[in-house]
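Trainee: The C-terminal residue of the sequence shown carries number 510 in this note's numbering, and the numbering is unbroken.
Just so it is clear, CB atoms sit at the ideal spot from N, CA and C, and this is done for glycine as well.
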Amino acid sequence: MFSVPTSWELTSLVCKLLLYFGAASIAGGSLCLWLYNNGKRQFFEKVISYIMLGAFLGFLGTLVNYFVQVGLINARGLTGMFDWDMASLLLETQLGEVTYMRLTGFILAFMSSLIFFRKAVRLPQQSFYRLLLGVHGIAFLFVAFSFTKAGHVSVLTGIARTAVVFHLYAFSAWIGSLFPLLLLTNSTELNLLKKLMQQFGDNALGIVIILAGMGALMLLELLDNPAELYTTPYGWVFLLKLFLVLVTLSVAVINKLVLVPAIVNNASALRLRRSIRVEMVAITLVLIATSYLSTIVGPAGH
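1) Whose C-beta lies closer than 6 Å to the C-beta of Leu480 among residues of the same chain, with five residues either side of it excluded?
2) Helix, strand or coil for Arg249? Go by DSSP, reduced to three states.
3) Under three-state DSSP, which class holds Pro332?
4) From Leu265, Gly384, Leu271 and Val453, pick the residue whose C-alpha is nearest to that of Leu299; which is it?
5) Under three-state DSSP, which class holds Arg284?
6) Going by the CB atoms, is the gap between Phe350 and Val373 shorter than 9 Å?
7) Hey, is Ser354's beta-carbon within less than 9 Å of any beta-carbon in chain D?
8) Output needed for Leu401: all residues of its chain with C-beta closer than 8 Å, excluding positions within five of it in sequence on either side, in chain order.
9) Any idea what DSSP makes of Thr365, helix, strand or coil?
10) Identify the continuous alpha helix (DSSP H) that holds Ile417 and give its terminal residues.
11) Is Leu351 helix, strand or coil when you go by DSSP?
12) What's the C-alpha gap between His510 and Ser320?
13) Specify the secondary structure class of Ala371 as computed by DSSP and reduced to three states.
14) Would you kindly report the start and end of the unbroken alpha helix (DSSP H) that includes Leu480?
15) Figure out for me which residue from Leu452, Ser502 and His375 has the closest Cα to the Cα of Val416.
16) Relative to the C-alpha of Asn474, which candidate in Glu397, Gly423, Thr503 and Lys224 has its C-alpha closest?
17) If you reduce the DSSP assignment to three classes, tell me which class Glu305 lands in.
18) Is Tyr274 closer than 9 Å to Ala295 when the C-beta atoms are compared?
Next comes the structure, spelled out in structure tokens:
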């Protein structure tokens, strides 16, 4: 049967959602500034603000989750979260290491975005965006590698843990690009919009291949028996997540093959905008399922 989350688990689940959102905004936002930029100052300001918001929420989710774990271990309710002796002790554990890595990544992403934002008096050039992508890439790696040291992933082989990093980047780059792409649909330069969307659609194929390949490798490591997919709570939620991913991919395919080629006026751009919003809703459900898998249930053998 499915596990009903306790208040502690539900809070951890929300924190995990914030963590995923933070990682996605860093990966997708910086990628879009580099590759899918419409050359407008307003787009730059909104996307860099989006990255900063994501980094802040990721930082907040990581910090709150740490104290939730302190409270969970103490089993003394809300007051147990603020047992500073226990909190200091846990800093020396795997939980502390993971927390340090994530906080470092989000602080680096936030501060670098703030500095770049303040230095960009005029509209930045490509070299600026490449530098920003490099710094944010380092920040993302801190967050990504923390996943290899936490939960049931930490006991996997080195190859599987490397797959986790690639899988997380591909997923984050994809879903984190949706908001910047949504902003692009407000453009009145329809030819440029069509060109940028086609570029994203072409590059997204590589992202999906990495996502599927690394995901399959992780699944082979996590499951002792394929039957666990339909006989365990973890398998059921995973299949639900897979269904939601397929729904999201279907929307993305419609965007690439139907809606983007049909961009000829503001009405067609509006249809694309609505479709991207549907994709964002579907991907939010995927994130909830992913958070449930990593917080509430785990593979039978782990």
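Mentor: If we stick to the structure as given:
1) Against the sequence shown, residue 480 aligns to sequence position 272. Here the set comprises Thr393 and Leu467.
2) Here the question's residue 249 lines up with position 41 in the sequence shown. Helix at Arg249.
3) For the purposes of this step, residue 332 is taken as the residue at position 124 of the sequence shown. Correct three-state label for Pro332: coil.
4) By 1-based counting over the sequence shown, the position of residue 299 is 91. Answer by Cα proximity: Leu271.
5) Mapped onto the sequence shown, residue 284 falls at position 76. Here Arg284 sits in coil by DSSP.
6) Counting from 1 along the sequence shown, the entry for residue 373 is found at position 165. Counting from 1 along the sequence shown, the entry for residue 350 is found at position 142. Contact: no.
7) Here chain D cannot be found, since the structure has a single protein chain.
8) Counting from one through the sequence shown, the residue named residue 401 turns up at place 193. Excluding positions up to five away in sequence, the list reads Asn246, Leu392, Thr393, Ser395, Ile471 and Ala477.
9) As a first step, residue 365 must be located in the sequence shown, where it is residue number 157. Looking at Thr365 - three-state DSSP - the assignment turns out to be coil, as it is neither helix nor strand.
10) Working through the sequence shown from its first residue, we reach residue 417 at position 209. Ile417 -> alpha helix (DSSP H) spans Leu398 to Leu430.
11) Walking along the sequence shown from the start, residue 351 turns up at place 143. Contrary to the premise, residue 351 reads as Val rather than Leu in this sequence. Correct three-state label for Val351: helix.
12) As a working mapping, residue 510 is identified with position 302 in the sequence shown. As a working mapping, residue 320 is identified with position 112 in the sequence shown. Confidence at His510 is low in this model, with a pLDDT of 48, below 50, so the placement of that residue is unreliable and no value is reported for it.
13) For the purposes of this step, residue 371 is taken as residue 163 along the sequence shown, with counting starting at 1. Reduced to three states, the DSSP call for Ala371 is helix.
14) Residue numbering aside, residue 480 sits at position 272 when the sequence shown is read from its first letter. Counting along the chain, the alpha helix (DSSP H) containing Leu480 begins and ends at Asn474 to Thr503.
15) For the purposes of this step, residue 416 is identified with residue 208 of the sequence shown, where counting begins at 1. If we check each option's Cα against that of Val416, His375 comes out closest.
16) If you number the sequence shown from 1, residue 474 lands on position 266. Checked all of Glu397, Gly423, Thr503 and Lys224; the closest Cα to Asn474 is Glu397.
17) The sequence position of residue 305 within the sequence shown is 97, counting from 1. Three-state DSSP puts Glu305 in a helix.
18) Within the sequence shown, numbered from 1, the residue matching residue 295 stands at position 87. Within the sequence shown, numbered from 1, the residue matching residue 274 stands at position 66. Going by C-beta atoms, Ala295 is nearer than 9 Å to Tyr274.
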